[in-house]
Amino acid sequence: MAKVPEQYTMPIEVASYDVGPDNRLRLSGVLRYQQEAGERHLIPAEMGWNALIERGIAFVASRWHVHILRLPEMNERVTLTTWHREHRGARFLRCYEWRDAQGELLLCGVMQFALVSTVDHHLLRGDEFDPEGTLPSCAQSVDCADPARYKLPQLTAVREYPVGWSDTDINTHMNNTRYADLACDALADKLAGHRIVDVQMHFAGETRLGDTVTLSIGEADAAYVQGSTPRGAAFSARVELVSDDGI
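So for the sequence shown, the numbering used here puts the first residue at 39; every next one is plus one.
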């Protein structure tokens, strides 16, 4: 079995379908590209999604924190570098850095994953994932704190979202990248004339075909969103905004 390289860098040319009305990469696009880079990093050592499913295990994103200096624009060529930093029991921490063609940092972040059994959905520890120790831990971190718990302020429901077939993925539930779209939809009025500079998301539960997600928002030290179904919270997000003129 091949050893996983310490880092993986993926070149990206931002596609038109990945930007929003402000011509900036959508948050869901950030998540999709990061998901792809992490998958490509692990494939050489037979640790990609398909290989893990055959072993009855899978990674599930649980928390995400990203600090944004600038979101790349349509047709911009950038690089995304990712690496596995460490695992603590069932928690795996992966770092990401985005840079422009001149090497300037655009955004950086940390994603926390949980390792679960696809049979009974129980949490597993790192030894089940990498018994041969082929995945290196890289002590290097990024200029972004690990995702943490945050307290939601009082929230007000603003819309209902019915989950359709196109929202679901091969795991038969809504892909976590779609939660970023729902968070932005809920905050659409606040996004006008503003840009996102920091996001924390908590992926709390599955959302399935036929569910209706209630989107609620609130404001304290940042803008907050929660998406919930009758079974409970599906996700929450803390989003820091600044005006487009930087004030």
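A virtual CB, placed ideally from N, CA and C, is assigned to each residue, including glycine.
Open item on the list: In this structure, how does DSSP classify Tyr188 when only helix, strand and coil are distinguished?
Closed with: As a position in the sequence shown, residue 188 is number 150, starting the count at 1. Looking at Tyr188 - three-state DSSP - the assignment turns out to be coil, as it is neither helix nor strand.
TODO: Using only alpha-carbon positions, find the residue among Tyr134, Phe151, Ile208, Thr119 that is nearest to His125.
DONE: For this step, residue 125 is matched to residue 87 along the sequence shown. Nearest option by C-alpha distance: Phe151.
TODO: State the CB to CB distance for the pair Val263 and Ala230, rounded to an integer number of angstroms; the pair is presumed to be in contact (CB under 8 Å).
DONE: Here residue 263 corresponds to residue number 225 of the sequence shown, with the count starting at 1. Here residue 230 corresponds to residue number 192 of the sequence shown, with the count starting at 1. Contact between Val263 and Ala230 does not hold, since their C-beta atoms are separated by about 16 Å, which reaches or exceeds 8 Å.
Open item on the list: Can you confirm whether the region 114–131 touches the region 246–257 when touching is taken to mean that 3 or more C-beta pairs between the two stretches lie within less than 8 Å?
Closed with: In short, these stretches do not touch, since the Cβ pair count stays below three.
Task: Pairwise C-alpha distance: Arg123 and Arg187 - done: Your numbering for residue 187 matches position 149 in the sequence shown. Your numbering for residue 123 matches position 85 in the sequence shown. Answer to the nearest angstrom: the Cα atoms are 20 Å apart.
- [ ] Would you tell me roughly how many angstroms separate the C-alpha atoms of Asp138 and Ala195, rounded to the nearest one?
- [x] Along the sequence shown, read from residue 1 onward, the residue named residue 138 stands at position 100. Along the sequence shown, read from residue 1 onward, the residue named residue 195 stands at position 157. The alpha-carbon atoms of Asp138 and Ala195 are separated by roughly 38 Å.
- [ ] Buried or exposed for Asn113, please, with buried defined as at least 16 other CB atoms from any protein chain shown within 10 angstroms of its CB.
- [x] Counted from its first residue, the sequence shown places residue 113 at position 75. The residue in question, Asn113, is exposed, as its Cβ has fewer than 16 Cβ neighbours within 10 Å.
Task: Start and end residues, alpha helix (DSSP H) containing Val68 - done: As a first step, residue 68 is located in the sequence shown; it is residue number 30 there, counting from the start. That run of the alpha helix (DSSP H) goes 65–80.
Open item on the list: For Pro268 and Glu44, I'd like the C-alpha separation in whole angstroms.
Closed with: Numbered from 1 along the sequence shown, position 230 holds the residue referred to as residue 268. Numbered from 1 along the sequence shown, position 6 holds the residue referred to as residue 44. Cα to Cα, Pro268 sits roughly 42 Å from Glu44.
TODO: Could you name the residues of the same chain whose beta carbon sits closer than 6 Å to that of Ala177, not counting the 5 residues immediately before and after it, in chain order?
DONE: Within the sequence shown, the letter at position 139 stands for residue 177. Apart from sequence neighbours up to five positions away, no residue of its chain approaches Ala177 with a beta-carbon distance below 6 Å.
Task: Residue from Ala242, Ser66, Ala275 with nearest C-alpha to Val52 - done: Counting from one through the sequence shown, the residue named residue 52 turns up at place 14. Ranked by how close their Cα comes to the Cα of Val52, the residues Ala242, Ser66, Ala275 have Ser66 in first place.
Open item on the list: Quick check on Ala272: does DSSP put it in helix, strand or coil?
Closed with: Position 234 of the sequence shown holds residue 272. For Ala272, the secondary structure class from DSSP, reduced to helix, strand or coil, is strand.
Task: Nearest neighbour of Glu135, chosen from Ser266, Ser281, Gly76, Tyr199 [CA to CA] - done: Here the question's residue 135 lines up with position 97 in the sequence shown. For Glu135, the closest of Ser266, Ser281, Gly76, Tyr199 by C-alpha to C-alpha distance is Gly76.
Task: Cut-off 7 Å between Cβ atoms - residues of its own chain near Cys182, not counting five sequence neighbours on either side - done: Reading the sequence shown from its first residue, position 144 is the one you call residue 182. The beta carbon of Cys182 sits closer than 7 Å to the beta carbons of His103, Val104, His105, Cys146, Gly147, Val148 from its chain, once the five residues preceding and following it are set aside; these are given in chain order.
TODO: Grab me the residues of Leu3's own chain with a C-beta within less than 7 Å of its C-beta, minus the 5 sequence neighbours each way, in chain order.
DONE: Examination of residue 3 is not possible in this model, given that the chain is present from 39 through 285 alone.
Task: Unbroken alpha helix (DSSP H) run spanning Asp223, endpoints - done: Counted from its first residue, the sequence shown places residue 223 at position 185. Looking at the DSSP string, the run of the alpha helix (DSSP H) that includes Asp223 is 214–224.
Task: Burial state of Val277, where buried means 16 or more other Cβ atoms lie within 10 Å - done: Start at 1 with the first residue of the sequence shown, and residue 277 comes out as number 239. Residue environment analysis places Val277 among the buried positions, since at least 16 neighbouring C-beta atoms fall within 10 angstroms of its C-beta.
TODO: Express the C-alpha separation of His211 and Ser204 in angstroms, rounding to a whole number.
DONE: As a working mapping, residue 204 is identified with position 166 in the sequence shown. As a working mapping, residue 211 is identified with position 173 in the sequence shown. Answer to the nearest angstrom: the Cα atoms are 10 Å apart.
TODO: State buried or exposed for Ala258, treating a residue as buried only when at least 16 other CB atoms are found within 10 Å of its CB.
DONE: What you label residue 258 is simply residue 220 of the sequence shown in a count that begins at 1. Per the 10 Å Cβ criterion, exposed.
Task: Best match in Gln238, His240, Asp227, Thr245 for proximity to Tyr199 [C-alpha to C-alpha] - done: Residue numbering aside, residue 199 sits at position 161 when the sequence shown is read from its first letter. Nearest Cα to Tyr199 within the set Gln238, His240, Asp227, Thr245: Thr245.
- [ ] List the DSSP bridge partners of Tyr199.
- [x] In the sequence shown, counting from the first residue as 1, residue 199 sits at position 161. Tyr199 is bridged to Val251.
TODO: Tell me whether Asp236 sits in a helix, a strand or coil according to DSSP, three-state version.
DONE: Within the sequence shown, residue 236 is the residue found at index 198, counting from 1. Under the three-state reduction of DSSP output, Asp236 falls in the strand class.
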